[in-house]
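Under my numbering, the first residue of the sequence shown is numbered 2, with each subsequent residue one higher. Just so you know, even glycine gets a beta-carbon here, dropped at the ideal spot from N, CA and C. To start, the structure under review is shown below, and the notes come after it.
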Amino acid sequence: VQGDSGHAQVSMVTDVYSHIIDEDRKKNAERFEEAFYGKKNLNPQMTEDPREKIIAVPEGVDSELLTKVLNNPEMAALLSALAKSMPG
Numbered sequence: 002v003q004g005d006s007g008h009a010q011v012s013m014v015t016d017v018y019s020h021i022i023d024e025d026r027k028k029n030a031e032r033f034e035e036a037f038y039g040k041k042n043l044n045p046q047m048t049e050d051p052r053e054k055i056i057a058v059p060e061g062v063d064s065e066l067l068t069k070v071l072n073n074p075e076m077a078a079l080l081s082a083l084a085k086s087m088p089g
């Protein structure tokens with residue numbers, strides 16, 4: 002320890018500098034808690050834009066039924082697979 006910091010004993014180093022580490026840990030914990038529980042949008046690409054989910058419903062199609070079908074993940078996957086297999 003003495004060669005690196007000039008202090009003769011390890012206890013001297015921990016007594017002098019341990020409060021600095023504790024303060025940094027507290028600050029980082031507060032930042033994490035604020036970001037995680039405060040639901041801050043730190044990366045806007047991680048959230049969906051609700052406007053992207055709006056679709057035009059063709060005339061004659063029951064929009065309520067279509068919503069139920071599209072909200073079912075299995076049906077949405079099936080329809081997506083069918084759409085991809087159709088010739089463009």
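Here M87 carries a coil assignment [DSSP, helix/strand/coil]. Secondary structure of E34 (DSSP, three-state): helix. For the pair K28 and F37, the Cα-to-Cα distance works out to about 14 Å.
Under the three-state reduction of DSSP, A78 is assigned to helix. Straight-line measurement puts the Cα of D23 at about 54 Å from the Cα of L80.
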